[in-house]
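Single-structure report; data block below.
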Amino acid sequence: MIKTNRTRGVKALLLGGCTLAAAWVPAALAQDTLAQEDADGGARAEEIIVTAQRREERLQDVPLSVSVVTSETLRNAAVTTAERLEQLVPGIRMGRSGADLRPAIRGTYTEFVGPNSDPRFGIYIDDIYQSRPSQIPPIVDLTRVEVQKGPQGTLYGRNSYGGNIAFFSANPTDRFEGFVDAIYGRYDRVRLDGAINLPVTEGVAFRLSGMYEKADGYVKNINPLGNDFGDEDQWYIRGALRIAPSGMDDRLEILLRGSYLAQDGAGQGGFGYKVLGTLVDTSLIRPPGGSINVNGINYTFPNGFNGSSFTGQRVPFDPRFRDGVADINGADVGVAVDPDPYRVNFAGKNFRRADTYAFSGVINFDAGLVRLRSITSYTDFKNTRTGNSLLPVQLDFSIIKGAAQTFTQELQILSNDTSSPFQWIAGAFYYDDRVTEINVTNTVRLTPTPYFFFGLEFRPAGSPFSNATFNDFFSAFENRTKSYAGYGQMSYTFDDRLTITGGIRYTQDRKRFMAPINSNFAQGGTGSSFYIFDINQPVDFECGGFIAAAPNSNANAASIANARQFVCGKTNQDFVTYRAAIDYKITPDNLVYASFSTGAHSGGFNQTPVSISGVQTLLTFDPEYVDAYEIGTKNTFMDGKLTLNAAAFFNQFSDLQAQSSIPNPANPLTSVVAQTFNVAKSRAYGVEVEAVIRPHPDWTFNLAFNYLDSKLQDYPLNVFANGGAQNLCGVSTSCVPNSGETNGLQGSPFPNVRTDPNRFVPLLGPDGNQVVVGGVPQFRYVIAGRLRDGTTVSSPEAFQPKYTWQAGVSHRIDLGSAGSLTPEVQAFFSSDYLLSVIAPELGRQDAFTRTDLRLTYKTADERFRLQVFVNNVEDSAVITRTAFAAQRAMLVNYAVPRTWGIAAGFRF
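Sequence positions in the sequence shown follow this note's numbering and run 886 to 1793.
See below:
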């Protein structure tokens, strides 16, 4: 079996976004910025060099929305993980569930992260695309982070649908230098960072960077049989070798990198660690024998009804299990949840175990009129994480083993004469990615227990589990993607002022997906010690192959024979993305621009096969697209003391991937399938204004404001049978099957076709008539779009606050030969936002403010620093991600609470 501990070593034509042009703290990044002081004693804006257009340019000259956080800002603000970027970068939300990073920018966010899907944002490390949102390393020894907002589908392409987050490591230099940083803080957090740069010989240098971190969990588990969540136990090392042969006059540069990341501990669990509650319509609660009359239809409930409804109000109970206590209006709704967002009561130990090896090589060659570049990478990622029933008594235990092996190769040729008005770049990209995931859930045999499965029928407390039929679950998936792309972009500048840019990219994705025909629970009998599946049993990923029960299973023969057979699907999907832009320099310090760009997010396969003409088939979903319009201006005023950028944007999203129902391709008149299809659309527009003012070298003020209006315009959801005890017809004496009431929103008895007929829109077949399955008419439930009466409705997108602002001030107090002391305040405000478009009444994240305070001492030579800090002074509990569990229980993740600590660092 897997061990939970290991012995290691040391441990686009309307509107646009623009960005805060300079870093937000006085210190300048030596390699990427140049802070200047004018004759009046004011401080000019830093010159920040970025590669957002795949060549080095001043940030203020790039006609794109790009935010940059420099190395000194990262260090000063203790940005050690990607989530902390939210505090510093305007217009970005950084959610996380378990190990998966879930950014949100300009009306779109990462939702699906399974093996059959791709993230909506491109995440790059040293120009290397990262295929999984769970394999992002901690922030260690970086020169900068670029956040490119809006689709970057021409020059970057690969799933840069909502934008890019690009991390750039420090390169080896020809100087002997290095640093050591240490942090000690709340939750016994200890973190050590360091780097050393070694010139080996002329033209050859080596840089070694590393990190070790350990911290207790910030989510307290009061159950002695469980462990805390949100801890850290990780270490990371990266080596970089730069070779620039002296005899070639700097025409050739080779950069070789290799890194390893090891992570242990519990992390943040799987997809949510806290049950927020469930939805209940108290007006529907009935005791045994009670009845409900809705729209003239009378429903009688011999066993009573707990009021479960997707259009009800959120109540703080876990509905999956009942404890026999009358909670609301005499109904046992479930187990009460603790109101403290950072306290849980869960039995069962959780752990994670992740290893990431990454290797890359970059070759730059100056060939005179052109420059040639090659970028090669290989990444090997493995991640095992566990979960349990998230209840005071552990009823099951789940293990997910994920892995990804990714090879990429990119070739570029660029114009090399920077004085020419004509600039261009062309490139080719190859991507080979293999993702596997294995899921096992074993039922825990506990007898007796006061907790039991909750349905519409009440089971008496104390019902022994030894008399229940136990089940084990096993599924395995493999997704193989080979992607080919070619791209080009060119620009021409007239009279050193007006520049016109155009670019295009062609992409072809070839995907093969493998899934088991049957991945339901397998019955194992009523024994107390058997098991069927083992996470360590080998899986042979072959089309048509079988996944048998574990060879040493002591379950009954029928269970052991219950094998799963793999079914495979192949698809080729190609798409074209492009960009057109115009920018004009009013003066060298004032730029206006407008652009139109497109982006695409790859399609894929559904995980559940359907039977078509007796053949098990995996259905596909197509890419989704965005058209982005942007205008903006970038300005430097007051001889560099003021940087003021403003932009507006409009994004139209189409062919969005969503869970919905369509007529079954095998029999479209009498059969329905409910999976992920391209059935939705949305739009988002907004305004961004950002400013930095440096009236004096010792003072820096920053301010950013973002307005976003993001709405779903068309979003139908699938409806499916309530099933088992939850089937309304099974507990009601007056349910008519052909009314369609057996199909409800997300399997809930309410609402149904009779209680909310306007939102249940008939599902039509190719003949224009409603599809009927087994005498039951089929429907879609409309969250946004056209209702049955012809009216249209829209819905706000989830996790998209309408207003956000950031403000900060830092003041360097000169202590002469004793050094300097710098107090800083950085505040972030967000308006409230919706948590779920499926169930708006589950609630909203309330508006919140989050403030960081820092006081930093530096010696006169700035080689040594000492800092005390408090992050999230208000102790705001912010929900960053939601997911639905069984019986419509909502699971959530909260961002880190208030932390404080002391940091020290030394540079040499």
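From the three backbone atoms N, C-alpha and C, an ideal C-beta is built for every residue, glycine too.
When only Cα atoms are considered, G1246 and I1139 end up about 7 Å apart. Between V1572 and A1533, the CB-CB gap stays under 9 Å. Judged by DSSP in its simplified three-state form, Q1631 adopts coil rather than helix or strand. For R1397, the uninterrupted beta strand (DSSP E) run begins and ends at L1383 to P1401, by DSSP. Residue environment: G1132 is assigned as exposed (fewer than 16 neighbouring CB atoms within 10 Å of its CB, all protein chains considered). Here F1506 is not near K1396, since their CB atoms are 9 Å or more apart. Between the region 1140-1150 and the region 1234-1250, the count of C-beta pairs closer than 8 Å reaches three or more; the two stretches touch. By the Cβ-count criterion, N1183 is exposed, with fewer than 16 other Cβ atoms from all chains shown falling within 10 Å of its own Cβ. In this structure the region 1007-1023 does not lie against the region 1714-1728, because fewer than three pairs of beta carbons, one per stretch, are closer than 8 Å. For the region 929-997, the continuous beta strand (DSSP E) assignments of 3+ residues that do not extend past its boundaries occur at 951-955, 977-982 and 985-990, in sequence order. The beta carbons of Y1158 and F1091 sit no closer together than 9 Å. The beta carbon of Q1711 sits closer than 6 Å to those of G1693 and D1737, all from its chain and outside the five residues before and after it, given in chain order. Annotation for Y1263: the continuous beta strand (DSSP E) segment containing it runs V1255 to N1273. For M1775, the enclosing beta strand (DSSP E) covers residues M1775 to Y1779. Distance from the CA of E1031 to the CA of R1673, rounded to the nearest whole angstrom, comes to 46 Å. Under DSSP, C1428 forms no beta bridge with any residue. Inter-segment contact for the region 1593-1605 and the region 1625-1642 is present: three or more beta-carbon pairs are separated by less than 8 Å. Per the Cβ contact rule, the region 1306-1321 is in contact with the region 1372-1383 (3 or more Cβ pairs under 8 Å). Within the model, the alpha-carbon separation for F1460 versus F1481 is close to 17 Å. Going by C-alpha positions, I977 is about 23 Å away from T1462.
For the 9 Å CB-CB criterion, P1553 and P1651 form a contact.
At least 9 Å separates the beta-carbon of Y994 from that of A1485. For the pair E1575 and N1587, the CB atoms are nearer than the 9 Å cut-off. For V1557, the uninterrupted beta strand (DSSP E) segment begins and ends at V1557 to H1581.
By the 16-neighbour rule on beta-carbons within 10 angstroms, L1700 is exposed. Burial state of R1671 is exposed, judged by a 10 Å Cβ sphere holding fewer than 16 other Cβ atoms. In this structure, the CA atom of D1251 is about 11 Å from the CA atom of D1302.
Only residues of its own chain outside the window of five on either side were considered, and among them R978 and F1684 have a CB closer than 6 Å to the CB of A989, listed in chain order. Contact between K1566 and S1539 holds, since their C-beta atoms are separated by about 5 Å, short of 8 Å. As the crow flies, the alpha-carbon of I1248 is around 9 Å from that of T1261. Close CB contacts of E1098 within its chain, under the 8 Å cut and outside five residues either way in sequence, are with T965, P1023, R1074, V1075, R1076, L1077, E1117, D1118, Q1119 and W1120 (chain order). Within the region 1041-1069, the runs of beta strand (DSSP E) at least 3 residues long that lie entirely inside it are, in chain order, 1048-1054.
For the beta strand (DSSP E) assignment, the uninterrupted runs of no fewer than 3 residues enclosed by the region 1105-1140 are, from N- to C-terminal side, 1117-1128. The beta carbon of P1548 is closer than 6 Å to those of G1650 and V1656 in its chain, skipping five residues each way along the sequence. With respect to the 9 Å criterion, T1765 and E968 are classified as neighbours on the basis of their beta carbons. Note that the C-beta distance between A1080 and G1063 is below 9 Å.
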